[in-house]
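Accompanying notes for the structure given below.
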Amino acid sequence: MRLNAAARGWAERFTDKPLVINLNARIPQEILDRWMEADLRFRNTWLKQRHDLKDQSQSGYDLALACFGVDAGLTEQQIVDLIIHHRALHNQRQRTRLDYFQRTLSRAAGRLEQIGNRDHSLTSEYRIFGPPGTGKTTNLSRQIRRAVERFGPRSVLVTSFPKAAAAELAGRELPVDPDRIGTLHSHCYRALGAPPIAEANVEDWNCKYRQLEITPTRRQSKLDGEEAAEDDGQAKAGDFWLRELNRFRGMMIPPEAWSANLRDFAQRWQGYKDALGLLDFTDLIETAWREIPVAPGNPAVIFADEARDLNKMQLSLIRKWGEYCNYFIV
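Position one of the sequence shown corresponds to residue 1 (our numbering), numbered consecutively onward.
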């Protein structure tokens with residue numbers, strides 16, 4: 001998902017321009033609405049409802065907005081305009097000296113730079129916030145390079161849910177060994193010894209349960225995070241139930257809360273897998289979560305790109321693996 005036309009047009013205005021103070025600067029409301037919908041912390045900052053801020057002055061909120069902007073990959077000019085707009089919205093005196101904004105930007109950038117050097121005794125989990133298309137992957141790439149400089153190319157694990165995001169990271173020529181970059185499913189698949197995948201072996205199932213036929217899936221496509229079209233006119237009855245089963249399992253909803261029909265399908269599907277020694281794609285995550293306490297290769301740092309796309313089980317696995325790392329970023 002990319003920025004819409006309004007957001008792209010706004011961003012393009014700041015390309016290769018000197019930093020200026022425009023007291024009439026305003027952020028398009030459409031963009032602000034998208035940010036507030038995508039990021040609760042930004043919403044609370046914009047509305048001045050951040051009770052966790054030690055500095056509740058306007059300068060404290062200026063810094064919080066600058067940190068958001070740096071995390072989201074905004075340009076310095078965009079961040080300055082964001083602060084100016086926020087001050088105007090809350091009837092605060094405007095800052096007119098360029099050095100004030102430069103100091104604020106420097107402090108915000110410094111906080112992002114210091115993630116790897118912080119005391120992780122209180123928390124080892126860090127998050128890069130921002131709506132789609134604002135540069136989170138660019139910031140993540142910088143963090144990955146710093147981690148590699150400190151720990152080495154084999155001590156960093158990079159994961160992303162969709163293939164496109166993993167491919168984008170791989171295409172940035174990061175100094176990480178290629179097998180350390182991939183989808184979470186692919187990391188689990190290798191860690192579990194490349195087990196046979198149920199969705200790629202449904203011939204016997206389709207013969208036995210003709211009323212619940214499942215469309216065969218190419219193993220590599222699913223490991224790469226590619227999802228089949230959910231309503232392409234060719235989906236079979238079993239596809240629907242398998243999709244529902246994966247959704248409920250991914251949300252870690254207990255079976256007693258499932259419908260009777262879903263429990264019936266799950267029992268048949270589990271019996272089929274057990275008989276042939278198969279794992280389905282949700283099993284890869286669940287089995288790794290239950291049985292593999294340390295991420296493949298025992299990395300010092302884990303980076304999870306596009307973490308907003310992870311379901312509860314997948315995020316739980318990342319956090320479990322993160323307990324044995326110096327720190328991890330989602």
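Backbone N, C-alpha and C fix where the C-beta goes; we use that ideal spot for every residue, glycine too.
Cβ neighbour criterion (16 or more within 10 Å) applied to residue i
i, result
"residue 176", "buried"
"residue 49", "exposed"
"residue 64", "buried"
"residue 52", "exposed"
"residue 299", "buried"
"residue 119", "Per-residue confidence for residue 119 stands at a pLDDT of 47, beneath the threshold of 50, marking its modelled position as unreliable; the derived number appears in the next sentence. Exposed: under 16 other Cβ atoms inside 10 Å."
"residue 317", "buried"
"residue 33", "exposed"
Reduced DSSP category for residue i - H, G, I as helix; E, B as strand; rest coil
i, result
"residue 125", "strand"
"residue 53", "coil"
"residue 279", "strand"
"residue 301", "strand"
"residue 358", "With the chain represented from 1 up to 330, any question about residue 358 goes unanswered, as that position is not in the structure."
"residue 197", "strand"
"residue 203", "helix"
"residue 319", "helix"
"residue 141", "helix"
"residue 30", "helix"
Reference residue i, options the options, closest by Cα
i, options, result
"residue 20", "67, 57, 80 and 143", "80"
"residue 38", "316, 309, 104 and 321", "309"
"residue 235", "324, 251 and 217", "217"
"residue 336", "320, 76 and 240", "Coverage of the chain is limited to positions 1 through 330, which leaves residue 336 absent and any answer about it impossible."
"residue 280", "317, 207, 33 and 185", "185"
"residue 82", "323, 209 and 43", "43"
"residue 100", "75, 311, 62 and 268", "62"
"residue 238", "205, 25, 283 and 248", "205"
"residue 288", "187, 278 and 144", "187"
"residue 203", "306, 278 and 72", "278"
"residue 28", "55, 78 and 240", "78"
"residue 153", "138, 179, 106 and 139", "179"
"residue 58", "246, 40 and 90", "90"
Sub-8 angstroms separation of residue i and residue j beta-carbons
i, j, result
"residue 296", "residue 157", "yes"
"residue 183", "residue 155", "no"
"residue 208", "residue 250", "no"
"residue 301", "residue 125", "no"
Segment limits, alpha helix (DSSP H) that includes residue i
i, result
"residue 158", "Residue 158 -> not in any alpha helix (DSSP H); beta strand (DSSP E) instead, spanning 156-160."
"residue 211", "Unbroken run through residue 211: none, as it is neither H nor E."
"residue 69", "58-72"
Terminal residues of the beta strand (DSSP E) in which residue i lies
i, result
"residue 387", "Lying outside 1 to 330, the shown extent of the chain, residue 387 is not represented and no answer is given."
"residue 329", "327-329"
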